[in-house]
Amino acid sequence: MARTVPAAVDLRCPLSNPLDPKNRNCLTARRRFFVLCNSPESPPRVSDRSSDPRRKNSSLSEQLKPLSTSTLSTPRTAEAHALKSKPKSTWVNPARPKRSVLNPNRQARSQHSYNPRMRELRLFAQKLNEGEFSESSFLSVLEEIPHPPTRENALLILNSLKSWQKAHLFFNWVKTQNSFPMETIFYNVTMKSLRFGRQFQLIEELANEMIRDEIELDNITYSTIITCAKRCYLFDKAVEWFERMYKTGLMPDEVTYSAILDVYAKLGKVEEVLSLYERARASEWKPDPVAFSVLAKMFGEAGDYDGIRYVLEEMRALGVKPNVVVYNTLLEAMGKAGKPGLARSLFEEMVESGLSPNEKTLTALIKIYGKARWSRDALELWERMRFNGWPTDFILYNTLLSMCADLGLVEEAERLFEDMKQSENAQPDSWSYTAMLNIHGSDGNSDRAMELFEEMPQFGVELNVMGCTCLIQCLGKAGRVDDLVRVFDASVNRGVQPDDRLCGCLLSVASVCEDQDDFLKVLGCLNRANSKLVNFVKLLQDESVNFEKVTEEFKIVISETTVEARRPFCNCLIDICRNQNLHERAHELLYLGSVYGLYPGLHNKTADEWSLDVRSLSVGAAQTALEEWMRTLSRIVKREEVLPQLFSAQTGTGTHKFSQGLANAFASHVSKLAAPFRQSEERAGMFIAKREDLVLWVQSQDPPAVTA
DNA sequence: TTAGGGTTAG
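Residues in the first sequence are numbered from 1 upward in steps of one, following full-length UniProt numbering.
Following this line, the structure appears as structure tokens:
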């Protein structure tokens, strides 16, 4: 796309400033700016060390320094200065000759001729592959090799060995035979095998051996080392070996280059990736689909929609046709950037271009439709999949089931689940059962949920903590406390490790128990998982305990809880207090929850409107918050302070098919208090009161009901 | 896996 921009670029245009926060992601601007900074008409602000011939073998990161420090990360003031001093720079051809960063020709593979002893050697390799050997027995079998281990014979066997251990042993054995001098290709084949076993240390040892024995490391060697380091999450090692290659004077070809692009991308170093990409483009490199896939993945991870668009436009401008992997990566990226509509169009474009989607394509799309709550699109896609015979696998099925759970599609989920049971390649696993338990749990069908729980061992599927949580929630809602206890005990005995979400679930069941025996039974389960939490519940029930003690214990319990579970815990604790007629304790807990940041954005004030946002609160917590708010307003009215025109309380509508909706509970509490809030007709899930009505109501409260 | 690079699930 940069190649199609007009001949002159006005740098004063804000879009041309890549460091303007508004344009942080504007890659067009970055590209233009890059080119301008490195054009002869616009000399770089700092000396461009990469163009210094004396620095021929400097590492790439050193070469990139002038770029990353001056072009992409310069403080904004320096940037502004540069822009001011060069207002009328001229656009130049970015493809002008400059020192390359990569070799445009991919390293050629050596040709191998037909080996007349192929059959016997393959059979021998098969014998080595199939047997279970100790190291010594493997070596003794090697002595039975049907033909001498010449270069070609040894290479054929080495290529045929499947396990990295055997390949490594064979490689070392060949070396001891001294039949021929070891060559790069032997190291490369062995390294590839070691990479399957993620044996980076062994690979590095081999690489150092090559250096010691002066055996040439080529692009294949380096790319194998780099990708192995990457797969072992040893990104620093990957970069280290890439730099080492540069220092030896070996130019990477596009395979090594995209491997290192991916390393920087996985490190989240977007600027470095772009610098590398731009550098290579300036060397007249035409990126291939793999390179674009790397870029697309990187932008997807960052949720950077401008970046995704840039990838699409670059491909279009360069005439590179995306393949299925590129489409998959782009679709996934669109999903992460929150663009379901664009993902849908891109998918249609892919099908129209004649490409057939694979299971990964469909998984990405189903996930996007589920997240966007586009049930019609999701189900239509499912129909198309069946009609066209597009490939499926268990991940796709599980994604479909999760989508059904999110959208409340019970019958569809049962059909899919049945399909899975009938299938050969997608038998239900613990994910599938979890999704099914979630669906029936949310639907309130505890019988079906229990049926699923009982059948799991028959199919050899282990229950996981999430499935257990769904089932416990379902049984709790159905009031089947004895079954709940049985399921909990069985789950823990089967190896489920309760986490904070499961504890939160038990706590929420406890909060709705009307029967004291049931309440104690649920707390008994919770005690097995989190005894401190149970002790805290008991402490709350003890009216002789003062607020300071509650504060102290609250702090301990909450700080030991994962961040995501803190607010649910606090909500449930408030609900428990209200159910046990401990209203003041509920108010104390709401106060503590607010102090410790569990309810950010609960109160919002503008000059015209004060609002209470209870969408993340439980019913009891929302009631408590409303009461607290009314107490505060009473005090303000009494003090005759300034009040806004409008008061609003936001409960939300609950988009989920199964959601109970906070609105109804809130409405009945408002009516119990006889407070003048009315549900808004224009704004769904919103309760509104006018200042005059609220003031009259507050004044009529004598003694104020809400302060009780 | 037949000497090297990129894509799927709470």
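Glycine included, C-beta positions come from ideal geometry on N, C-alpha and C.
Practice problem: Name the two residues that bound the continuous alpha helix (DSSP H) containing residue 650. | Solution: Locating residue 650 in the first sequence gives position 650, where the first residue counts as 1. Unbroken run through residue 650 is the beta strand (DSSP E), 646-650; no alpha helix (DSSP H).
Member of 456, 404 and 441 whose CA lies at the smallest distance from the CA of residue 429: As a first step, residue 429 is located in the first sequence; it is residue number 429 there, counting from the start. Minimum Cα distance to residue 429 is reached at 456.
For residue 679, write down the residues that DSSP places opposite it in a beta bridge.
Translated into the one-based positions of the first sequence, residue 679 becomes position 679. Partner(s): 687.
Does the Cβ of residue 24 have 16 or more other Cβ atoms within 10 Å, making it buried, or fewer, making it exposed? Mapped onto the first sequence, residue 24 falls at position 24. A caution first: residue 24 carries a pLDDT of 36, below 50, which makes its placement in the model unreliable, though a value can still be read off. Exposed, because fewer than 16 other Cβ atoms sit within 10 Å of the Cβ of residue 24.
Quick one: what's got a C-beta closer than 6 angstroms to residue 573's C-beta in the same chain, skipping five residues either side?
Walking along the first sequence from the start, residue 573 turns up at place 573. Only 589 meet the Cβ criterion.
Worksheet entry | Those residues which DSSP pairs with residue 610 across a bridge | Position 610 of the first sequence, counting from 1, holds the residue named residue 610. Paired residues: 605 and 647.
So does the region 518-532 actually touch the region 473-483, counting three or more Cβ pairs closer than 8 angstroms? Because the criterion of three Cβ pairs below 8 angstroms is met, the region 518-532 and the region 473-483 touch.
- Run the CB neighbour count on residue 230, radius 10 Å, all protein chains shown included, and call it buried at 16 or more, exposed below. The sequence position of residue 230 within the first sequence is 230, counting from 1. The residue is buried, with at least 16 neighbouring Cβ atoms inside 10 Å.
> DSSP beta-bridge partners for residue 253?
Replying inline: For the purposes of this step, residue 253 is identified with residue 253 of the first sequence, where counting begins at 1. In the DSSP output, where bridge partners are listed per residue, residue 253 has 103.
Could you check which residue in 510, 310 and 599 has the C-alpha nearest to that of residue 580? Taking the first residue of the first sequence as position 1, residue 580 is located at position 580. The residue with the shortest Cα to Cα distance from residue 580 is 510.
* Asked: Exposed or buried, what is residue 168 when buried is set at 16 or more other beta-carbons lying within 10 Å of its beta-carbon?
  -> By one-based count along the first sequence, residue 168 stands at place 168. Looking at its Cβ environment, which holds 16 or more other Cβ atoms inside 10 Å, residue 168 is buried.
Notebook entry, point to check: Between the beta-carbon of residue 218 and the beta-carbon of residue 184, is there less than 7 angstroms?
Noted result: On the first sequence, residue 218 is found 218 positions in, with the first residue counted as 1. On the first sequence, residue 184 is found 184 positions in, with the first residue counted as 1. Yes, Cβ-Cβ distance for residue 218 and residue 184 is below 7 angstroms.
- Task: Select from 414, 538 and 390 the residue whose C-alpha is nearest the C-alpha of residue 401.
- Result: To locate residue 401, count along the first sequence from 1; it is residue 401. Here the closest residue by C-alpha is 414.
Exercise. Would you say residue 353 and residue 101 are within 7 angstroms of each other, going by their C-beta atoms?
Worked result: For the purposes of this step, residue 353 is identified with residue 353 of the first sequence, where counting begins at 1. For the purposes of this step, residue 101 is identified with residue 101 of the first sequence, where counting begins at 1. Cβ distance not < 7 angstroms, so residue 353 and residue 101 don't count as in contact.
**Prompt:** Can at least three beta-carbon pairs, one atom from the region 539-547 and one from the region 467-479, be found at a separation below 8 angstroms?
**Reply:** no
(message) Measuring straight from C-alpha to C-alpha, what distance separates residue 396 and residue 687?
(response) As a working mapping, residue 396 is identified with position 396 in the first sequence. As a working mapping, residue 687 is identified with position 687 in the first sequence. Spanning the two alpha carbons is a distance of roughly 42 angstroms.
- Task: Tell me where the alpha helix (DSSP H) around residue 286 begins and ends.
- Result: Mapped onto the first sequence, residue 286 falls at position 286. From DSSP, residue 286 is part of no alpha helix (DSSP H); its letter is neither H nor E.
I believe residue 329 touches residue 371 by the beta-carbon criterion, under 8 angstroms. Please report the beta-carbon distance rounded to the nearest angstrom. Here residue 329 refers to the residue found at position 329 of the first sequence. Here residue 371 refers to the residue found at position 371 of the first sequence. Actually they do not touch by this definition, with Cβ atoms about 17 angstroms apart.
Below 8 angstroms, how does it come out for the region 331-345 and the region 293-309: are there three or more Cβ pairs, yes or no? Taking 8 angstroms as the limit for Cβ pairs, the verdict is that the region 293-309 does touch the region 331-345.
Under 7 angstroms between C-beta atoms of residue 343 and residue 362
The residue given as residue 343 occupies position 343 in the first sequence. The residue given as residue 362 occupies position 362 in the first sequence. Cβ distance not < 7 angstroms, so residue 343 and residue 362 don't count as in contact.
#### Entry: Span separating the alpha-carbon of residue 444 from that of residue 366
Locating residue 444 in the first sequence gives position 444, counting from the first residue. Locating residue 366 in the first sequence gives position 366, counting from the first residue. Going from the Cα of residue 444 to the Cα of residue 366 covers about 25 angstroms.
| message | Rounded to whole angstroms, what is the Cα-Cα separation between residue 570 and residue 276? | response | Translated into the one-based positions of the first sequence, residue 570 becomes position 570. Translated into the one-based positions of the first sequence, residue 276 becomes position 276. Distance between the alpha carbons of residue 570 and residue 276: 49 angstroms.
* Asked: When you compare only the Cα positions, how much space is there between residue 152 and residue 158?
  -> Residue 152 sits at position 152 when you count from the first residue of the first sequence. Residue 158 sits at position 158 when you count from the first residue of the first sequence. Approximately 10 angstroms, taken between the alpha carbons.
Could you compute how far the alpha carbon of residue 645 sits from the alpha carbon of residue 566?
Here residue 645 is taken as the residue at index 645 of the first sequence, counted from 1. Here residue 566 is taken as the residue at index 566 of the first sequence, counted from 1. For residue 645 and residue 566, the distance between alpha carbons rounds to 35 angstroms.
key: Three CB pairs or more closer than 8 angstroms across the region 491-507 and the region 457-468   = Taking 8 angstroms as the limit for Cβ pairs, the verdict is that the region 457-468 does touch the region 491-507.
message: the ligand COA and residue 593: does the residue's C-beta get closer than 6 angstroms to at least one heavy atom of that ligand?
response: Questions concerning the ligand COA fall outside what the structure shown contains, since it holds no ligand whatsoever.
* Asked: When you compare only the Cα positions, how much space is there between residue 647 and residue 638?
  -> Along the first sequence, read from residue 1 onward, the residue named residue 647 stands at position 647. Along the first sequence, read from residue 1 onward, the residue named residue 638 stands at position 638. Their Cα atoms are separated by approximately 17 angstroms.
Write down every uninterrupted run of the alpha helix (DSSP H) in the region 427-458 whose length is 4 residues or greater and which is fully enclosed by it, in chain order. 430-443 and 446-455
- Assign residue 260 to buried or exposed, taking buried as 16 or more other Cβ atoms, counted over all protein chains shown, within 10 Å of its Cβ. Along the first sequence, one-based indexing puts residue 260 at 260. Label assigned to residue 260: buried.
- Report the residue ranges of all alpha helix (DSSP H) runs contained in full by the region 154-197; include only those spanning at least 4 residues, in chain order. 164-177 and 184-196
Inset, instruction - Can you give me the Cβ contacts of residue 320 inside the same chain, cut-off strictly under 6 angstroms, excluding the 5 residues immediately before and after it? - result: Position 320 of the first sequence, counting from 1, holds the residue named residue 320. Excluding sequence neighbours, residue 320 sits near nothing in its chain.
- Between the Cα of residue 700 and those of 426, 162, 685 and 676, spot the shortest distance and give me the residue it belongs to. For the purposes of this step, residue 700 is taken as residue 700 along the first sequence, with counting starting at 1. Ranking 426, 162, 685 and 676 by Cα distance to residue 700 puts 676 first.
Report task. Determine the direct distance from the alpha carbon of residue 318 to that of residue 252, and round the result to whole angstroms. Result -> Counting from 1 along the first sequence, the entry for residue 252 is found at position 252. Counting from 1 along the first sequence, the entry for residue 318 is found at position 318. For residue 252 and residue 318, the distance between alpha carbons rounds to 22 angstroms.
Taking the straight line between their C-alpha atoms, what separation do you get for residue 258 and residue 290? Counting from one through the first sequence, the residue named residue 258 turns up at place 258. Counting from one through the first sequence, the residue named residue 290 turns up at place 290. If you take the alpha carbons of residue 258 and residue 290, they lie about 7 angstroms apart.
Mark residue 437 as exposed unless 16 or more other C-beta atoms lie within 10 angstroms of its C-beta, in which case mark it buried.
-> On the first sequence, residue 437 is found 437 positions in, with the first residue counted as 1. Residue 437 should be labelled buried.
**Study point:** Limits of the alpha helix (DSSP H) - the one that residue 310 falls within
**Key:** Your numbering for residue 310 matches position 310 in the first sequence. Element bounds for residue 310: 305-318.
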